[in-house]
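In this note's numbering, each number is its position in the sequence shown, counted from 1, plus 122.
We treat Cβ as the ideally placed atom computed from N, Cα and C, and that holds for glycine.
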Amino acid sequence: MSALYAFVAAALFGCALYMVLSRNLVRLLLGLSLLTTAVNLVIFQAGRIRSAQPPLIPDGADRLGESADPLPQALVLTAIVIGFAL
């Protein structure tokens, strides 16, 4: 499944790069929007989309076990909110 996300992110990067390099202002803005979507997907994929357990440290343990990393999820959420604000 992660290979599928990698191919989708690569396709989004390619389409965004093609649109950003055009001289039309509307295509440039849409290309930048696609580029931010591709970057969000790559960051989200780096933090492992699926996980068997939530990112909580159990009692008696000193570190987090095998779970999703909450930092990339927070970064993507912040990027989406900033994108809507712009």
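> Mapping DSSP to helix, strand and coil, what is Asn146?
Replying inline: Taking the first residue of the sequence shown as position 1, residue 146 is located at position 24. Judged by DSSP in its simplified three-state form, Asn146 adopts coil rather than helix or strand.
>> If I measure Cβ to Cβ from Asn162 and keep anything under 8 Å in the same chain, skipping five residues before and after, which residues do I get?
In response: Taking the first residue of the sequence shown as position 1, residue 162 is located at position 40. Val198, Ala201 and Ile202.
> Are the beta-carbon atoms belonging to Gly153 and Val164 less than 8 Å from one another?
Replying inline: As a first step, residue 153 is located in the sequence shown; it is residue number 31 there, counting from the start. As a first step, residue 164 is located in the sequence shown; it is residue number 42 there, counting from the start. Cβ atoms of Gly153 and Val164: not closer than 8 Å.
>> Using only CA atoms, which one of Val148, Leu156, Arg145 and Ser144 lies nearest to Ala131?
In response: Position 9 of the sequence shown holds residue 131. For the residues Val148, Leu156, Arg145 and Ser144, the minimum Cα distance to Ala131 belongs to Leu156.
> In the structure shown, what three-state DSSP assignment does Leu134 receive?
Replying inline: Numbered from 1 along the sequence shown, position 12 holds the residue referred to as residue 134. In the structure shown, Leu134 falls within a helical segment according to DSSP collapsed to helix, strand and coil.
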